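Engineer:
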Amino acid sequence: REFVPRFEEEGFSMGHDYDPDRVRAESRKLKRNLQKEKRGAMRELRRDSVFMAGVRDTDKAVVDGERMESQRRFYSELSAQESDFKSGGQGGMNPHLKKRRKDRK
Numbered sequence: 009r010e011f012v013p014r015f016e017e018e019g020f021s022m023g024h025d026y027d028p029d030r031v032r033a034e035s036r037k038l039k040r041n042l043q044k045e046k047r048g049a050m051r052e053l054r055r056d057s058v059f060m061a062g063v064r065d066t067d068k069a070v071v072d073g074e075r076m077e078s079q080r081r082f083y084s085e086l087s088a089q090e091s092d093f094k095s096g097g098q099g100g101m102n103p104h105l106k107k108r109r110k111d112r113k
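Counting from 9, one number per residue, gives the positions in the sequence shown under our numbering.
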């Protein structure tokens with residue numbers, strides 16, 4: 009190669025390879041295109057994984073919400089049974105226990 013730079017008459021053109029060895033220029037062009045495709049594929053995979061994570065999170069939130077609602081109903085029923093048992097089986101309407109509660113206060 010020459011150490012004296014060669015200037016083009018028509019000016020610099022972006023994307024044009026000025027290498028006189030066409031095989032080497034074509035090889036560089038193919039490598040460059042391969043890198044672009046690789047970066048594009050990696051970007052697409054990242055976007056897909058972000059989307060899939062969002063879908064997975066929404067599905068999990070729905071399942072968790074259903075489970076929490078089921079637990080809430082269960083504990084509510086358990087609390088009602090406990091209060092019914094403590095009141096003597098009258099559903100909270102045992103007058104003797106109500107009288108005792110008033111006396112304690």
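Glycine included, each C-beta is placed from N, C-alpha and C at the ideal position. Note that the structure is predicted; figures quoted are calculated from it, not measured.
(1) Can you name the start and end residues of the alpha helix (DSSP H) that R188 belongs to?
(2) Return the CA-CA distance between F93 and E74, expressed in angstroms with no decimal places.
(3) Using the Cα positions of V70 and F82, report the straight-line distance between them to the nearest angstrom.
Structural biologist: Reading off the structure:
(1) This structure does not reach residue 188, given that the chain is present from 9 up to 113, and the question cannot be answered.
(2) For the purposes of this step, residue 93 is taken as the residue at position 85 of the sequence shown. For the purposes of this step, residue 74 is taken as the residue at position 66 of the sequence shown. C-alpha separation (whole angstroms): 29 angstroms.
(3) Taking the sequence shown and counting its residues from 1, one reaches residue 70 at position 62. Taking the sequence shown and counting its residues from 1, one reaches residue 82 at position 74. Our two residues, V70 and F82, have alpha carbons roughly 18 angstroms apart in a direct line.
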